[in-house]
Structures are given as C-alpha cells and as structure tokens.
Amino acid sequence: MNDTSERVLIVGAGPVGLVAAACLAENDIPVTLIERSDDLPKDLRASTFHPPTLDMLDRFGISEKLIARGLVCPNWQFRDRSEGVIADFDLGMLEGETNHPYRLQCEQWKLSEHLREHLDTLDCVQIIYDATGESVVQDENGVRLTIKRSDGSTETLSGRYLIAADGAHSNIRRSLDIEFEGLTIPEIFLSMSTAFRFDEAIPDLAPIAYLTDPSEWAVLLRTPSLWRVLLPTDPSMSEAEIKAPEMMEKRLQKLCPKDGPYEVAHATAYRVHQRVAKKYVMGRVFLAGDAAHLNNPLGGMGMNGGIHDAVNLTEGLVAVWNGAPLETLGRYERQRRKVAIDTVQEQSLRNRKIMAENDPAARSAYHDELRAIVADPARHKDYLMRTSMLQSLKDLEAIA
Ligand SMILES: Cc1cc2nc3c(=O)[nH]c(=O)nc-3n(C[C@H](O)[C@H](O)[C@H](O)COP(=O)(O)OP(=O)(O)OC[C@H]3O[C@@H](n4cnc5c(N)ncnc54)[C@H](O)[C@@H]3O)c2cc1C
Numbered sequence: 379m380n381d382t383s384e385r386v387l388i389v390g391a392g393p394v395g396l397v398a399a400a401c402l403a404e405n406d407i408p409v410t411l412i413e414r415s416d417d418l419p420k421d422l423r424a425s426t427f428h429p430p431t432l433d434m435l436d437r438f439g440i441s442e443k444l445i446a447r448g449l450v451c452p453n454w455q456f457r458d459r460s461e462g463v464i465a466d467f468d469l470g471m472l473e474g475e476t477n478h479p480y481r482l483q484c485e486q487w488k489l490s491e492h493l494r495e496h497l498d499t500l501d502c503v504q505i506i507y508d509a510t511g512e513s514v515v516q517d518e519n520g521v522r523l524t525i526k527r528s529d530g531s532t533e534t535l536s537g538r539y540l541i542a543a544d545g546a547h548s549n550i551r552r553s554l555d556i557e558f559e560g561l562t563i564p565e566i567f568l569s570m571s572t573a574f575r576f577d578e579a580i581p582d583l584a585p586i587a588y589l590t591d592p593s594e595w596a597v598l599l600r601t602p603s604l605w606r607v608l609l610p611t612d613p614s615m616s617e618a619e620i621k622a623p624e625m626m627e628k629r630l631q632k633l634c635p636k637d638g639p640y641e642v643a644h645a646t647a648y649r650v651h652q653r654v655a656k657k658y659v660m661g662r663v664f665l666a667g668d669a670a671h672l673n674n675p676l677g678g679m680g681m682n683g684g685i686h687d688a689v690n691l692t693e694g695l696v697a698v699w700n701g702a703p704l705e706t707l708g709r710y711e712r713q714r715r716k717v718a719i720d721t722v723q724e725q726s727l728r729n730r731k732i733m734a735e736n737d738p739a740a741r742s743a744y745h746d747e748l749r750a751i752v753a754d755p756a757r758h759k760d761y762l763m764r765t766s767m768l769q770s771l772k773d774l775e776a777i778a
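Whatever position you read off the sequence shown (first residue = 1), add 378 for our numbering.
Pasting the structure below:
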C-alpha cells in the first residue's frame, strides 16, 4: 500500500462522520471523509442536543457556537392534549453532572457547518464530495473502499481502518452483509414547521413537549426560528395526501385552533425504524450512528447517540492506531450496542407507548407515574439522568 493508506477513511459527512473526523484529527491521525453529496446536507432533521453531547462538543469549542445560534431549554414536559401539563422536568437538577444542565434546540446542520469550519483548518483532514462509498474489502493490513462519482466513474481508496457513518441506508453495512435487526413502526411520522407561536397560544407550554392522546399523540418542539409539530399518520395514505395543505391545516387547527390559516414552512413525512446492527465491528471496519442503529425521534436520541458512538469509537481507534491490539475495539461494540438496545430503543419505544396509550386505566397509570416521578426529587433527577443520556455513559464504565 502507498502512503495514502496511512489514514482512516470515514464514509459519510453527517454529524457522526464529522465528529469522528474531528476526534481523530485532534490526535494527528490523517482522515479522509467521503461524502455522497456535493455539499453538506442541510435538511431539517435532529434539533435537540442533550447535555452530555454538548459536553463532548465543548472540546472543539463547538457547543459555544451552537448555543449562540440555538435555544437553551431549561425544562421539557409531558402533557396531555386535553388535560394540559402532566409532568414538567427541570433540567437544572442536573447541575454538577454536566456543564450544560439544559437541552439545546438547534438544527443539526449548524453542527455540521461548525464541524466543517473546524476541519477545514486542519491539514490532516481531507473531505471528498460527490463520492459515494460503494463497498469495502479488507485484509490484515488495511481496507480498500470503492467510491463512485456522479458521472459514473469509480476509484479505489486505501486506508488502515474505515468508519461507516453513511446513515440509515449504509452501503458499507450492506456490503459487509451485516444484519440490521428490528422493526418498522406502523405509522408514518409527519413533521411540520411553522412560525406560529404555540407558546403564546398554549398555556405553560415548554419549548419541548410530548403530548399524550388516545387517538393522536403529538410533539411540539421549538427551534430558534420555527415551531415543529410531529404527528403520527395513517400509513395507507400517500405522501401527497398526507402533505396536502388542507389536510395539514385541518390537523394543526385540531391541535391548536387559531384564527386564520397556519403557514407551514416545511413538511416531511417519513417512515420510522427501530433497528440495531448485529455487529458494529467487522475487522478494520466500524459502524457508527444511523448506519449502526435507528430509533424513533421521541426523546431526541438518534443524533446524540451517534455522536456518543463517534467519541467512544475514536478513543479506542486512537489507541489502536498507536499500537494497541485491534481487539480493543470489541469494547466499542459491547458498550455502544448495549446502549442502543437498552437505552435508546427502550426509552424511545417507551415514550411512544406512553404517548399513544389508549386504554384509559393504563393511560391514567402512566400519568400518575410521571406525576409521582416529578414530585420526588431523587426520582426526578434519576429520570433526567436517563432521558438526557448521561446515565447511559456512566453505565458504560461497567462493561469490559
Ligand atoms: C425528521 C427527523 C428528525 C430527527 N430528530 C432528531 C432529534 O431531535 N434528535 C436526535 O438526536 N436525532 C434526530 N433524528 C435522527 C438524526 O437526524 C440522525 O440520527 C442523525 O442524522 C444521524 O447522523 P449520521 O451522521 O449517523 O447520519 P446522517 O445524518 O444520515 O449522515 C450520513 C451522511 O452520509 C452521507 N452518505 C450516505 N450514504 C453515503 C455513501 N454511501 N457514501 C458517502 N456518503 C454517504 C449522507 O449524504 C450524509 O451526509 C431525526 C431524524 C429525522 C429524519
């Protein structure tokens, strides 16, 4: 192999690939990032940063920049669509556990933008755009990645290791035939963004609110510029029917009646999967982020969990690069796969269950439980430790 093989290849310049690149570059490890698009994607996806993620991003000076462009949210709620507030969680209780005892609402693309600015200043990082990672092969010395350009031409890149951060439909995961076990949630999720100030219309509304309802749960999320509404939708409807302006208007008016029509700035309808890859590590190739796990967005754990993967994986990879045995990275798989299954899948499915429960007795039991948790300071803090993903990072230490 030539000199260019002395590097780590990262497929996918989403938040996970970019964070992984920054962590490796911090340790002077040469990195080549391969991105399918001709620029960083700017679509509206994740908007919630949990406290430990902000702690991790402090090291590149990026949390500060995100906070300046985001919305600091000291509390979040479970509400009922007809009864109002059920439980108001005070993230201030996490003081002393994190440098950021709040959730930050800030669009995911702003993180990507700041990470790229940072990486562009570093000589050891190269980003190749308009290059789709197609497949990877490996031997005991390194990996070879085939990339394809939009003009149809192909090329092979060599590296010592490869991180697959190429998202939900990961070509790399497929090329290694790694099973992506799990399920697809029956309903379609409709996300609508509007400039309407729900906080001025709904009494005591926190900037992040999960609304339970026996027939139609909802999420209300404030971002720096807009409010986002997430609603479950009948999967037998076509995307055109779901996003028809009159249909969206009817649903928004039902959620929060107001004079005059809603102006919907963006709408996305998407299928949601709950899946975890059977293997995160295959020889010299490592899966991270959405390539490794998918979950519903109730709780805002997808991007956050992916960033935690990137930090954990690169810590191990730096040690391996500097001489530790490759087997060291088995711990990455054991730790992060467990978090994906026991924390992210468990919590996001439970949130959906609480919000969608339609049996009156079970509904009222969930509500009573949430009220009891908030009323008891120890349980309140414990709940916040888990939902903010701080606990999952503490628990990892016990996994050899
Ligand atoms: C509507 C919506 C709302 C969400 N809200 C939240 C939230 O509030 N909180 C949260 O934590 N998560 C949320 N998520 C999930 C979150 O967006 C993802 O978990 C996160 O983007 C994962 O980051 P990633 O870097 O692993 O993958 P991606 O962001 O998907 O990035 C993958 C990158 O790889 C590129 N790529 C793909 N295939 C290839 C290839 N073969 N070769 C080269 N490049 C490739 C893509 O262009 C992209 O740039 C939401 C998702 C959606 C869809």
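Cβ coordinates follow ideal geometry from the N, Cα and C atoms, glycine included.
Chain-order list of residues whose beta-carbon lies under 8 Å from that of residue 647 (same chain, five-residue window excluded)
566, 567, 568, 569, 611, 617, 620 and 621
Proximal residues to residue 587 (C-beta, below 6 Å), its chain only, five neighbours per side dropped:
455, 457 and 598
Residue(s) in a DSSP beta bridge with residue 462
458
Residues sharing a beta bridge with residue 468, DSSP
453
What separation, rounded to the nearest whole angstrom, lies between the Cα atoms of residue 503 and residue 399?
Counting only the Cα atoms, residue 399 lies some 7 Å from residue 503.
What are the start and end residues of the beta strand (DSSP E) that includes residue 571?
558-572
Residue environment, residue 431, which counts as buried when at least 16 other CB atoms sit within 10 Å
buried
Pairing CB atoms from the region 383-393 with CB atoms from the region 525-541, are three or more of them under 8 Å?
yes
Report yes if the CB atom of residue 659 is closer than 7 Å to the CB atom of residue 705, and no otherwise.
no
Taking just the CA atoms, how far does residue 708 sit from residue 775?
14 Å
Per DSSP, what kind of secondary structure is residue 507 in: helix, strand or coil?
Residue state, collapsed to three classes: coil.
Find the nearest neighbour of residue 515 within the set 574, 555, 721 and 595, judged by alpha-carbon distance.
555
Measuring CB atoms only, is the region 726-743 touching the region 676-691, in the sense that at least three cross pairs come out at less than 8 Å?
yes
Can you tell me where the alpha helix (DSSP H) with residue 664 in it begins and where it stops?
That residue, residue 664, is in no alpha helix (DSSP H); its beta strand (DSSP E) goes 663-665.
In chain order, what are the residue ranges of uninterrupted alpha helix (DSSP H) at least 4 long that sit wholly in the region 385-437?
393-403 and 429-435
Residues sharing a beta bridge with residue 496, DSSP
Answer by DSSP bridge pairing: none, since residue 496 is not bridged.
If distances are taken between C-alpha atoms only, which option among 662, 687 and 492 comes closest to residue 670?
687
Run the proximity test for residue 391: is its beta-carbon closer than 6 Å to any non-hydrogen atom belonging to ligand 1?
Checking the Cβ of residue 391 against ligand 1 gives yes.
Going by DSSP in three states, residue 669 sits in which element: helix, strand or coil?
helix
Below 8 Å on the Cβ atoms is my contact criterion, and I expect residue 627 with residue 639 to pass it. Report the Cβ-Cβ distance as a whole number of Å.
Yes, residue 627 and residue 639 are in contact; Cβ-Cβ is about 6 Å, under 8 Å.
Using 7 Å as the threshold, is the C-beta distance between residue 483 and residue 601 below it?
yes
Beta strand (DSSP E) runs contained entirely in the region 569-629, provided each spans 3 or more residues:
586-590, 596-600 and 605-611
Local Cβ density within 10 Å of residue 772, reported as buried at 16 or more and exposed below that
exposed
Would you give the residue range spanned by the beta strand (DSSP E) that residue 646 belongs to?
Here the beta strand (DSSP E) through residue 646 covers 642-655.
Residue 499 to residue 629 span [Cα, whole Å]:
47 Å
C-beta contact flag for residue 714 and residue 690 at 7 Å
yes
Counterpart residues of residue 446 in DSSP-defined beta bridges
Residue pairing by DSSP places residue 446 in no beta bridge whatsoever.
Residue 440 classed as buried or exposed, judged by whether at least 16 other C-beta atoms fall within 10 angstroms:
buried
Beta-carbon proximity list for residue 527, same chain, < 7 Å, skipping 5 on both sides:
508 and 509
Across the region 485-496 and the region 462-473, are there enough close Cβ pairs to call them in contact, namely three or more that are closer than 8 Å?
no
Give a yes or no on whether the C-beta atoms belonging to residue 511 and residue 412 are separated by under 7 Å.
yes
Mind checking whether the beta-carbon of residue 682 lies closer than 6 Å to any heavy atom of ligand 1?
yes
Heavy atom of ligand 1 less than 6 Å from the Cβ of residue 414, yes or no?
yes
Residue 513 beta carbon near ligand 1 (any heavy atom closer than 6 Å):
no
Taking DSSP as the reference, what is the three-state secondary structure of residue 715?
helix
Bridge partner(s) assigned by DSSP for residue 537:
521.
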